[in-house]
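Take the position in the sequence shown, starting the count at 1, then add 41; the result is the number in the working numbering.
What follows is a set of notes on a single structure, which appears directly below.
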Amino acid sequence: MKETNSFKSKLNMDMLTDQFLVSMIKEQTTPIVQDIEKALAAIDNASSILISGHIRPDGDSVGSTNGLLNTLRAAGKIADIVKIWDLPSQAEFLNPEAGIEWQEIVPEKYDLLIVVDTSSPDRFLNEKHKLLEKFKSNSKPVLVIDHHGTNSKFGSINLVSHAPSTTYLITLMLMNSHLPLTKEAFKFLFFGFVTDTGGFAFSLDNPESIFLMLKLANHYDLDPWFIYRKAVREKPYTVMKFVSEATISTKLITPPELPIRTAICSVPPEMLERYNLKNEAVAALPSHINLIQEADIAVVMSAEEQDIIVSFRSKETDVQKLAVELGGGGHLRASGTTIKNSTLQEAEEKIKKAIRKLYS
Ligand code: AMP
Ligand code: MN
Ligand code: MN
Numbered sequence: 042m043k044e045t046n047s048f049k050s051k052l053n054m055d056m057l058t059d060q061f062l063v064s065m066i067k068e069q070t071t072p073i074v075q076d077i078e079k080a081l082a083a084i085d086n087a088s089s090i091l092i093s094g095h096i097r098p099d100g101d102s103v104g105s106t107n108g109l110l111n112t113l114r115a116a117g118k119i120a121d122i123v124k125i126w127d128l129p130s131q132a133e134f135l136n137p138e139a140g141i142e143w144q145e146i147v148p149e150k151y152d153l154l155i156v157v158d159t160s161s162p163d164r165f166l167n168e169k170h171k172l173l174e175k176f177k178s179n180s181k182p183v184l185v186i187d188h189h190g191t192n193s194k195f196g197s198i199n200l201v202s203h204a205p206s207t208t209y210l211i212t213l214m215l216m217n218s219h220l221p222l223t224k225e226a227f228k229f230l231f232f233g234f235v236t237d238t239g240g241f242a243f244s245l246d247n248p249e250s251i252f253l254m255l256k257l258a259n260h261y262d263l264d265p266w267f268i269y270r271k272a273v274r275e276k277p278y279t280v281m282k283f284v285s286e287a288t289i290s291t292k293l294i295t296p297p298e299l300p301i302r303t304a305i306c307s308v309p310p311e312m313l314e315r316y317n318l319k320n321e322a323v324a325a326l327p328s329h330i331n332l333i334q335e336a337d338i339a340v341v342m343s344a345e346e347q348d349i350i351v352s353f354r355s356k357e358t359d360v361q362k363l364a365v366e367l368g369g370g371g372h373l374r375a376s377g378t379t380i381k382n383s384t385l386q387e388a389e390e391k392i393k394k395a396i397r398k399l400y401s
């Protein structure tokens, strides 16, 4: 086992002078303390670590990969991110690392694979490249850190728990470690938390987490409102125009056609082309369409080659089961799926059929 400098330093939590905050972190950690210990032991035992997030990365994926990268490198370890996709533009202000191209990765170089914010192996292009098997067949550990209700626990070690964001689980893990949780790393972790909570706006089972993350932002002397603005409040002019057109084209479907009032927004490729936007811009739509008061389910569909990428959001309804019914996954009020070899029209019919089946 390689001993790194970080392990001689004090526990991160001990640096805090606010005892209320310390007791809060302890309370939040209690239900997952054993998994955190296993995860930290795996990191402790590794001197070179490969990190992966998920395809079509969001703020939580970028925040998790880059937050870990920063901390692990500051601990004197070799750490790299696998690049499997372009980064979302709202993360640019943090100068994240996109990582090393998938083709150039030498898995044998690493002692540990950490997969973050990813509910199943197919969500990191694993089917094609078998990265997971390469680690497992060499008896190397795979640590999965994730907060999706539908996570299949595909690691040899799984820190998988219901939480507002994956970066929140990583924050709890690092606060309970001697690893250097740098300001730079925490910036990324905070960013992931802000994006996955819709800027502290989504209903959470665990509102204390907001207090805790804001207190830590204060401890690290960050401007939380600047990160909040950059992460969720600003969009480029062309994206705003695109969002407007997509909203105008959104259909509101009410009973008796569907048992639950549903807003369906379908984005044909030519709509994106007209604004000279990439598919990534579609990510601006789901939370926006979910603002429609008269609908409880929001559906956003876009085409990518032969497939239809679908996002579900809701105000009350469990849309996790809707995504699972259609072969995807996610959370109770934010989920998604990919409907393969389909047109937008066919996908819409499939989704409507599933809504009738599940909620009638
Ligand atoms: P999105 O609508 O892409 O922002 O995704 C919302 C949530 O659903 C995220 O937590 C995703 O990880 C999850 N999700 C989206 N698409 C899929 C899929 N095809 N399979 C599993 N989970 C998904
Ligand atoms: Mn994510
Ligand atoms: Mn997430």
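Built from N, CA and C at the ideal position, the CB exists for glycine as well.
Per-residue DSSP class, three states only, for residue i
i       : result
Val-351 : strand
Thr-358 : coil
Asn-53  : helix
Gly-369 : coil
Lys-118 : coil
Ile-92  : strand
Glu-142 : strand
Thr-191 : coil
Ala-83  : helix
Lys-391 : helix
Leu-200 : strand
Ser-180 : coil
Ala-304 : strand
Leu-335 : Here residue 335 turns out to be Glu, not Leu, going by the sequence shown. DSSP places Glu-335 in coil when its eight states are reduced to three.
Phe-48  : Reliability of the predicted coordinates at Phe-48 is poor, the pLDDT of 48 falling under 50, and no value is obtained from them.
Ser-130 : helix
Ile-330 : helix
Ile-12  : Absent from the model: residue 12. The displayed extent of the chain is 42 to 401, so no value can be given.
N-terminal and C-terminal residue of the alpha helix (DSSP H) that residue i is part of
i       : result
Gly-104 : 100-115
Asp-158 : Taken as a continuous stretch (DSSP letters only), Asp-158 belongs to no alpha helix (DSSP H), as it is neither H nor E.
Ile-211 : 207-216
Asn-259 : 249-260
Thr-236 : 224-237
Val-323 : Here Val-323 belongs to no alpha helix (DSSP H), and DSSP marks it neither H nor E.
Ile-146 : Unbroken run through Ile-146: none, as it is neither H nor E.
Ser-285 : 278-289
Ile-380 : Here Ile-380 belongs to no alpha helix (DSSP H); instead the beta strand (DSSP E) covers 375-380.
Leu-313 : 310-315
Integer Cβ distance of residue i from residue j, believed to fall under 8 Å
i      : j       : result
Met-56 : Glu-249 : Their Cβ separation, rounded to whole angstroms, is 20 Å, which puts Met-56 and Glu-249 out of contact at 8 Å.
Ile-92 : Val-157 : 7 Å
Contact test: residue i Cβ vs ligand 1 heavy atom, cutoff 7 Å
i       : result
Gly-377 : yes
Gly-369 : yes
Pro-327 : yes
Asp-99  : yes
Ser-383 : no
Residue environment, residue i, which counts as buried when at least 16 other CB atoms sit within 10 Å
i       : result
Ile-215 : According to the sequence displayed, residue 215 carries Leu and not Ile. So Leu-215 ends up on the buried side.
Arg-354 : buried
Leu-403 : There is no way to answer for residue 403, as the model of the chain reaches only from 42 to 401.
Glu-389 : buried
Asn-317 : exposed
Cβ-heavy atom distance, residue i to ligand 3, below 7 Å
i       : result
Thr-191 : no
His-188 : yes
Ser-202 : no
Asp-262 : no
Cβ-heavy atom distance, residue i to ligand 2, below 7 Å
i      : result
His-95 : yes
Ser-89 : no
Boundaries of the beta strand (DSSP E) in which residue i is found, first to last residue
i       : result
Glu-68  : Where Glu-68 is concerned, there is no enclosing beta strand (DSSP E), although the alpha helix (DSSP H) it sits in stretches over 60-70.
Ile-294 : 292-294
beta-carbon residue i near ligand 5 non-hydrogen atom, thresh 7 Å
i       : result
Ser-218 : Ligand 5 is not part of this structure, which contains only ligand 1, ligand 2 and ligand 3.
Within-8 Å CB hit, residue i to chain C
i       : result
Ala-325 : This model lacks chain C altogether; it includes just one protein chain.
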